[in-house]
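Per this note's numbering, residue 154 is the first one in the sequence shown, and the count goes up by one each step. Note that beta-carbon positions come from the ideal geometry of N, C-alpha and C, so glycine has one too. Take a look at the structure set out below.
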Amino acid sequence: MLYNANDDRNSILAAIIDSSDDAIISKNLDGIILSWNKSAETMFGYTEAEVVGKHISIIIPKDRQREEDMIISSLKAGNRIEHFQTIRRRKNGTEIY
């Protein structure tokens with residue numbers, strides 16, 4: 154019974170993430186993309202299949218790479234990342250502000 158409740162909960166959470174208007178991307182502490190929702194596909198132009206397993210730097214402009222390195226270092230240290238404004242890059246090379 155517990156197994157089914159967990160499966161149901163995971164299905165509900167997955168549906169929420171997939172139907173969100175916000176781009177939701179998960180990555181591990183090495184910066185490897187683990188999941189990528191439909192809004193991320195729309196925003197960045199990459200399908201989930203194109204980016205899962207790739208490094209997050211695929212969407213980070215070269216001049217912002219140190220920023221991502223600091224984020225990952227901070228996460229590895231157990232810190233929480235507050236909201237901040239940044240620039241990211243679409244598949245076609247245009248930047249998102």
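6 Å CB neighbourhood of residue i in its chain, flanking five on each side removed
i	result
R241	I212, I249
I170	I177, N190
For residue i, the three-state DSSP class (helix, strand or coil)
i	result
K215	helix
L182	coil
S188	strand
Close beta carbons around residue i, own chain, < 8 Å, minus the five adjacent residues each side
i	result
E221	G184, I209, S210, I213
K229	L182
Per DSSP, the bridge partner or partners of residue i
i	result
E221	E221 pairs with nothing; no bridge assigned.
I249	R241
Nearest-angstrom beta carbon gap, residue j and residue i [assumed within contact, 8 Å]
i	j	result
I178	I186	6 Å
Neighbourhood of residue i by C-beta distance below 7 Å, restricted to the same chain and skipping five residues each side
i	result
D175	S192
Open item on the list: Contact between the segment 157–174 and the segment 196–206 is defined here as three or more beta-carbon pairs at a separation below 8 Å; is this criterion met?
Closed with: no
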